[in-house]
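Asks: Counted from 1, the sequence shown has number 68 at position 68 by this note's numbering; the numbering is strictly sequential.
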Amino acid sequence: ERLAQTRPVSLDGSQTEGAAAARAQATTTMMVHNVPPDITLARLLQDWPLDGKYDFLYLPMTSGGKRAVGYAFLNFVTEAHAAAFRSEWNGRRMDGFPTGRKLKVASAEVQGLAANMAHLQGRACA
């Protein structure tokens with residue numbers, strides 16, 4: 001199935017290239033598995049508020065754009081924030097989705113804001 005994807009949310013437009021390169025080396029990007037298919041980006045932002053701890057949130061959607069494909073990506077501004085998020089959310093269910101599967105939070109293959117933005121460049125985003 002071809003995926004249409006929601007636009008990645010980059011929150012730190014003032015970041016320097018040097019800082020982006022340094023963070024790309026660190027484990028700051030997490031992949032969250034078992035995200036409920038009926039969840040929306042707005043709902044994720046309620047559960048994971050824009051509090052300055054992360055600068056990137058990506059929720060891939062099905063080709064119709066009405067359902068999440070089951071995972072999300074977040075890039076945190078520090079490794080400590082990423083580790084704290086993993087500790088808080090790994091093994092937890094999303095509030096309001098009690099029958100949903102427990103979330104699995106793991107390090108993503110692509111690390112860092114700049115690398116994630118480059119990885120998504122040229123892909124279909126809503």
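Ideal Cβ positions, reconstructed from N, Cα and C, are used throughout, including at glycine.
1. Considering only the beta carbon of each residue, do Asn75 and Thr29 sit closer than 7 Å?
2. Can you list, in chain order, the residues of its chain with a C-beta nearer than 7 Å to that of Thr27? Leave out the 5 residues immediately preceding and following it.
3. Going by DSSP, which residues form a beta bridge with Val32?
4. Drop a sphere of 10 angstroms on the beta-carbon of Arg101, count the other beta-carbons inside from all chains shown, and report buried for 16 or more, exposed for fewer.
5. Taking only the alpha-carbon atoms, compute the straight-line gap between Leu113 and Asp51 and give it to the nearest angstrom.
6. Rounded to whole angstroms, what's the CA-CA distance from Asn116 to Glu109? Just pull it up for me.
7. Determine the burial state of Leu45: buried for a count of at least 16 other Cβ atoms within 10 Å of its Cβ, exposed for fewer.
Replies: Straight from the coordinates:
1. yes
2. Glu79, Ala82, Ser107, Gln111
3. Ala72, Val105
4. exposed
5. 16 Å
6. 10 Å
7. exposed
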